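Trainee: Residue numbers (numbering that gives the first Met the number 0), protein chains in the order written: chain A, 0 to 203; chain B, 0 to 322. Provided herewith is a single structure, encoded as structure tokens, for subsequent inquiry.
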Amino acid sequence: MALIEIRNLGVTRGKQQVIKDLSLDVKEGTITAIVGANGSGKSTLIGAIAGDHRLDTGSISLCGNNLTKISLAEQSRLRSVVTQNQVFWLAFTVRQVIEMGQSIENLSRVESVISQLDMGEIVNQSVLTLSGGQLQRLAIARALVCDTPIYLFDEPLASQDKKSKADLIALFCKMRDEGKTIVIVMHTEVSDLDWCDQIIEDLS
Amino acid sequence: MKKIYLLALLVAVIALFALSLGATAVSDVWASILKFNFQSTEVSDQIIWQIRAPRIIGAVILGAVLAIAGVLAQGSTNNPLADPAFLGTTAGAALGVVIGVLTNAVSIASIGSIAWATCGALLATLLTFWLARNALQLIIIGIAVSATLSAIVGIAISIADRSDVRSVTFWSLGSLSLLTWSNVAVLSVVAVAVLASARALSPQLDLLSLGDSQIRHSGRDPQRIRLIAFLILSIAIATSVSQVGTISFLALAAPHIARFLVGPSHRYLISAAAVIGALILLIADTAARSIAPPQDLPIGLLISLIGAPVLILALKRGGVQWR
Chain A
0 MALIEIRNLG VTRGKQQVIK DLSLDVKEGT ITAIVGANGS GKSTLIGAIA
50 GDHRLDTGSI SLCGNNLTKI SLAEQSRLRS VVTQNQVFWL AFTVRQVIEM
100 GQSIENLSRV ESVISQLDMG EIVNQSVLTL SGGQLQRLAI ARALVCDTPI
150 YLFDEPLASQ DKKSKADLIA LFCKMRDEGK TIVIVMHTEV SDLDWCDQII
200 EDLS
Chain B
0 MKKIYLLALL VAVIALFALS LGATAVSDVW ASILKFNFQS TEVSDQIIWQ
50 IRAPRIIGAV ILGAVLAIAG VLAQGSTNNP LADPAFLGTT AGAALGVVIG
100 VLTNAVSIAS IGSIAWATCG ALLATLLTFW LARNALQLII IGIAVSATLS
150 AIVGIAISIA DRSDVRSVTF WSLGSLSLLT WSNVAVLSVV AVAVLASARA
200 LSPQLDLLSL GDSQIRHSGR DPQRIRLIAF LILSIAIATS VSQVGTISFL
250 ALAAPHIARF LVGPSHRYLI SAAAVIGALI LLIADTAARS IAPPQDLPIG
300 LLISLIGAPV LILALKRGGV QWR
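In structure tokens, the structure reads:
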């Protein structure tokens, strides 16, 4: 079954139509990679699926629900989003940020997510002291705590070292094996994506 | 939390000490203070309990209310530079009171003037909110709205040919000299409401620090949280402006000083900032009326004089709390 169905999608950013007439199915329990050059619309596509952009044409449905017809709260129960460049100005601790605004059910998953992502050592640190890679893992941790059927990741591997990259890929594969559906924007060579089930290269 | 309680105790001690200071020398001042006789007809008791006490308690409450407004402004715009004066709120409240007073609807520092100030503050803040598309624009547009409304207030006061429309100083630098027990009663009610509602909003204010797109992704509308914060801060600022004129800097400084004591989590920050705000305004007002008696120095100047060095010291010695 296709958990994400995109039909004849068109999205304009500024004055430029970045995505034209795109149709795409993402099956349940798969990993889909979106690759391509800078400015090719990768992040725009993942933003559109996340509900961030107005659609010029076409439709997106998540688990059978038309994206434009469901509330923010309903969307958040269907998918989790990890964006790039999270900026903090207040010295919250890593744990405080992971737990912020989470339901009681989500809070019960915090400890296991922290150990899954190997964040035990930084969990009491101020987020202002984190490196780029650690900030990305923090954003991934917030998403994993939510336990949704769909995960949207925008460049989650960009600032990770070799070992963290391998660990995260292993984690994504484990999530897929548990039935999660994952869409990842990446800057990687297609030849390195043998762990993905579907690769989307051309968005226009 | 222990630090907050200690500071609250300090506020109480200074407030008691402040009762003994003032323009008129009272003989046997501590005997009068310790009698706690509010109904006394003796002149010395009346000076202490009918003139000094409401002003001192008013300063404590207003300091707390202004500081909470500052926390709400910084938290809701996700910006360390935010201040109710930069959102149009303060100028809107001042314009509301000036219109109310000039049309003979209310008198300055009356309870009715709070209603006029609240209308002005709410309309101005909502105008800023409606014109701005994101948190950064809020500040820039807010400054523009403030500048426009302040100019109208200044012109209205300058051309008003009325003795009871007090000097421009009252509106630009503030004064607590008009406070009475009936003002204090209204202030207390507003302060409790502002504190309770701000605390109830504190988990959402924490969330705003993640940025608007993160909040939307987690299923909430950041603009809605912001709107509620603005409603609370408008009422807080309106109360303050209608009673004592505009008092600047305190709302900006108190939250930053409080962060060095309790960290960024709004649950504790709101209480801590309230106590810091109360402390600074109490010390500033006590200094304003006792440095050069019988002159009442403009409170705004003393707040800057006391608050600014404390703020700089906190930023320099408190470690990294924000960037």
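We treat Cβ as the ideally placed atom computed from N, Cα and C, and that holds for glycine. Given the structure is predicted, the values throughout are model-derived calculations rather than measurements.
(1) I'd like the list of long-range same chain contacts for residue 52 of chain A, defined as Cβ closer than 6 Å, with 5 residues on each side in sequence excluded.
(2) At the 8 Å Cβ level, is residue 216 of chain B part of the contact set with chain A, yes or no?
(3) Between residue 212 of chain B and residue 291 of chain B, what straight-line distance do the alpha-carbon atoms span, to the nearest angstrom?
(4) Residues bridged to residue 26 of chain A by DSSP?
(5) Suppose only complete runs of 4+ residues qualify. What are the alpha helix (DSSP H) ranges in the segment 147-177 of chain A, listed by chain order?
(6) Residues in its own chain within less than 8 Å of residue 269 of chain B by CB, not counting five upstream and five downstream?
(7) Please return the same chain residues whose Cβ sits closer than 6 Å to the Cβ of residue 91 of chain A, not counting the five positions on each side in sequence.
(8) Nearest-angstrom Cα distance between residue 181 of chain A and residue 305 of chain B?
(9) Spell out whether any CB of chain B is found under 8 Å from the CB atom of residue 49 of chain A.
(10) Does the beta carbon of residue 219 of chain B come closer than 8 Å to any beta carbon on chain A?
(11) Taking 8 Å as the CB-CB cut-off, is residue 147 of chain A touching chain B?
(12) Name, going along the chain, the residues of the segment 96-115 of chain A whose beta-carbon falls closer than 9 Å to a beta-carbon of chain B.
(13) Who are the near neighbours of residue 208 of chain A in its chain, counting only those whose CB is closer than 6 Å to its CB and skipping five residues on each side?
(14) For residue 266 of chain B, count neighbouring Cβ atoms within 10 angstroms of its own Cβ and tell me buried if that reaches 16, exposed if not.
(15) Do the segment 228-240 of chain B and the segment 80-94 of chain B make contact, defined as three or more Cβ pairs closer than 8 Å?
(16) How big is the Cα-Cα spacing for residue 119 of chain A and residue 113 of chain A?
(17) Please classify residue 299 of chain B as buried or exposed, where buried requires at least 16 neighbouring CB atoms within 10 angstroms.
(18) Using beta-carbon positions only, say whether residue 33 of chain B and residue 87 of chain B come within less than 8 Å of one another.
(19) Mind checking if residue 205 of chain B is an interface residue toward chain A, Cβ cutoff 8 Å exclusive?
(20) Could you spell out the range, first to last residue, of the alpha helix (DSSP H) harbouring residue 55 of chain B?
(21) If I'm right that residue 7 of chain A touches residue 57 of chain A with Cβ under 8 Å, what's the distance once you round it to whole angstroms?
(22) Go to residue 56 of chain A, then tell me how far its beta strand (DSSP E) extends in each direction, as first and last residue.
(23) Considering only their Cβ atoms, is the gap separating residue 281 of chain B from residue 62 of chain B smaller than 8 Å?
(24) Do residue 81 of chain A and residue 155 of chain A have their beta-carbon atoms positioned less than 8 Å apart in this structure?
(25) Any idea if residue 133 of chain B is buried or exposed, counting beta-carbon neighbours within 10 angstroms, 16 or more meaning buried?
(26) Is it true that the segment 104-113 of chain B meets the segment 69-84 of chain B, where meeting means three or more beta-carbon pairs spaced less than 8 Å apart?
(27) Please report the distance separating the alpha-carbon of residue 123 of chain A from that of residue 94 of chain A.
(28) Would you say residue 210 of chain B reaches chain A, if we count a Cβ-Cβ gap shorter than 8 Å as a contact?
(29) Since residue 199 of chain A and residue 23 of chain A should fall inside the 8 Å C-beta cutoff, what is the C-beta to C-beta distance between them, to a whole number of angstroms?
(30) Look up residue 79 of chain A in the DSSP assignment and give the residues it is bridged to.
(31) So, helix, strand or coil for residue 85 of chain A, using DSSP?
(32) With a threshold of 7 Å on Cβ separation, who are the neighbours of residue 81 of chain B within its own chain once the five nearest residues in sequence on each side are excluded?
(33) Straight-line CA distance for residue 128 of chain B to residue 225 of chain B?
(34) Inspect the beta-carbon positions of residue 253 of chain B and residue 260 of chain B and report whether they are closer than 8 Å.
(35) May I ask whether a heavy atom of the ligand MG can be found less than 7 Å away from the beta carbon of residue 89 of chain A?
(36) Along the segment 232-264 of chain B, where does the CB come closer than 8 Å to a CB of chain A? Name the residues.
Mentor: So, from the listed chains and residues:
(1) By one-based count along the first sequence, residue 52 of chain A stands at place 53. Only 10 and 46 meet the Cβ criterion.
(2) In the second sequence, residue 216 of chain B corresponds to position 217, counting from 1. For residue 216 of chain B, at least one C-beta of chain A is nearer than 8 Å to its own C-beta.
(3) Translated into positions along the second sequence, residue 212 of chain B becomes position 213. Translated into positions along the second sequence, residue 291 of chain B becomes position 292. Answer to the nearest angstrom: the Cα atoms are 53 Å apart.
(4) By 1-based counting over the first sequence, the position of residue 26 of chain A is 27. Assignment of beta-bridge partners to residue 26 of chain A by DSSP yields A:1.
(5) 161-176, all fully within the segment 147-177 of chain A.
(6) To locate residue 269 of chain B, count along the second sequence from 1; it is residue 270. Answer for residue 269 of chain B: 67, 70, 194, 197, 198 and 201, listed in chain order.
(7) Residue numbering aside, residue 91 of chain A sits at position 92 when the first sequence is read from its first letter. If we look at residue 91 of chain A and ignore the five residues flanking it on each side, its Cβ neighbours are 126.
(8) Looking up residue 181 of chain A in the first sequence gives position 182. Looking up residue 305 of chain B in the second sequence gives position 306. Across the structure, residue 181 of chain A and residue 305 of chain B are spaced so that their CA atoms are roughly 56 Å apart.
(9) If you number the first sequence from 1, residue 49 of chain A lands on position 50. Yes - at least one Cβ of chain B is within 8 Å of the one on residue 49 of chain A.
(10) As a first step, residue 219 of chain B must be located in the second sequence, where it is residue number 220. Under the 8 Å criterion on CB atoms, residue 219 of chain B is classed as interfacial with respect to chain A.
(11) Here residue 147 of chain A refers to the residue found at position 148 when the first sequence is read from its first residue. Taking 8 Å as the threshold, the shortest C-beta distance from residue 147 of chain A to chain B does not fall below it.
(12) From the segment 96-115 of chain A, only 96, 99, 100 and 101 have a Cβ closer than 9 Å to chain B.
(13) Chain A is shown from 0 up to 203; residue 208 of chain A falls before or after that span and cannot be answered.
(14) Residue 266 of chain B sits at position 267 when you count from the first residue of the second sequence. Exposed, because fewer than 16 other Cβ atoms sit within 10 Å of the Cβ of residue 266 of chain B.
(15) Using a Cβ-Cβ distance cut-off of 8 Å, the segment 228-240 of chain B and the segment 80-94 of chain B are in contact, since at least three pairs of beta carbons, one from each stretch, lie closer than that value.
(16) Counting from one through the first sequence, the residue named residue 119 of chain A turns up at place 120. Counting from one through the first sequence, the residue named residue 113 of chain A turns up at place 114. Spanning the two alpha carbons is a distance of roughly 6 Å.
(17) The residue labelled residue 299 of chain B in the question sits at position 300 within the second sequence. Buried.
(18) Position 34 of the second sequence, counted from the first residue, corresponds to residue 33 of chain B. Position 88 of the second sequence, counted from the first residue, corresponds to residue 87 of chain B. Judged by their CB atoms, residue 33 of chain B and residue 87 of chain B are not nearer to each other than the 8 Å cut-off.
(19) Here residue 205 of chain B is taken as the residue at index 206 of the second sequence, counted from 1. Yes, contact with chain A.
(20) Taking the first residue of the second sequence as 1, we reach residue 55 of chain B at position 56. Residue range 52-76 is occupied by the alpha helix (DSSP H) that includes residue 55 of chain B.
(21) The sequence position of residue 7 of chain A within the first sequence is 8, counting from 1. The sequence position of residue 57 of chain A within the first sequence is 58, counting from 1. Residue 7 of chain A to residue 57 of chain A, Cβ: 4 Å. Contact.
(22) As a first step, residue 56 of chain A is located in the first sequence; it is residue number 57 there, counting from the start. Its beta strand (DSSP E) spans residues 56-61.
(23) For this step, residue 62 of chain B is matched to residue 63 along the second sequence. For this step, residue 281 of chain B is matched to residue 282 along the second sequence. Their beta carbons are under 8 Å apart, which means residue 62 of chain B touches residue 281 of chain B by this criterion.
(24) Here residue 155 of chain A corresponds to residue number 156 of the first sequence, with the count starting at 1. Here residue 81 of chain A corresponds to residue number 82 of the first sequence, with the count starting at 1. The criterion of a C-beta distance shorter than 8 Å is satisfied by residue 155 of chain A and residue 81 of chain A.
(25) Residue mapping note: residue 133 of chain B aligns to position 134 of the second sequence, counting from 1. Residue 133 of chain B comes out exposed.
(26) By the criterion of at least three beta-carbon pairs nearer than 8 Å, the segment 104-113 of chain B is not in contact with the segment 69-84 of chain B.
(27) Along the first sequence, one-based indexing puts residue 123 of chain A at 124. Along the first sequence, one-based indexing puts residue 94 of chain A at 95. Rounded to the nearest angstrom, the two C-alpha atoms are 6 Å apart.
(28) Position 211 of the second sequence, counting from 1, holds the residue named residue 210 of chain B. For residue 210 of chain B, the nearest CB of chain A lies under 8 Å from its own CB, placing it at the interface with that chain.
(29) Numbered from 1 along the first sequence, position 200 holds the residue referred to as residue 199 of chain A. Numbered from 1 along the first sequence, position 24 holds the residue referred to as residue 23 of chain A. Their Cβ separation, rounded to whole angstroms, is 7 Å, which keeps residue 199 of chain A and residue 23 of chain A in contact under 8 Å.
(30) Working through the first sequence from its first residue, we reach residue 79 of chain A at position 80. A:150, per the DSSP bridge assignment.
(31) By 1-based counting over the first sequence, the position of residue 85 of chain A is 86. Shown here, residue 85 of chain A sits in coil according to DSSP, grouped into three states, outside any helix or strand.
(32) The residue you call residue 81 of chain B lines up with position 82 of the second sequence. Excluding sequence neighbours, residue 81 of chain B sits near 72, 73 and 138.
(33) Start at 1 with the first residue of the second sequence, and residue 128 of chain B comes out as number 129. Start at 1 with the first residue of the second sequence, and residue 225 of chain B comes out as number 226. Answer to the nearest angstrom: the Cα atoms are 9 Å apart.
(34) Here the question's residue 253 of chain B lines up with position 254 in the second sequence. Here the question's residue 260 of chain B lines up with position 261 in the second sequence. Cβ distance not < 8 Å, so residue 253 of chain B and residue 260 of chain B don't count as in contact.
(35) With respect to small molecules bound, the structure shown includes none, and the ligand MG cannot be examined in it.
(36) Listed in sequence order: 258, 262, 263 and 264.
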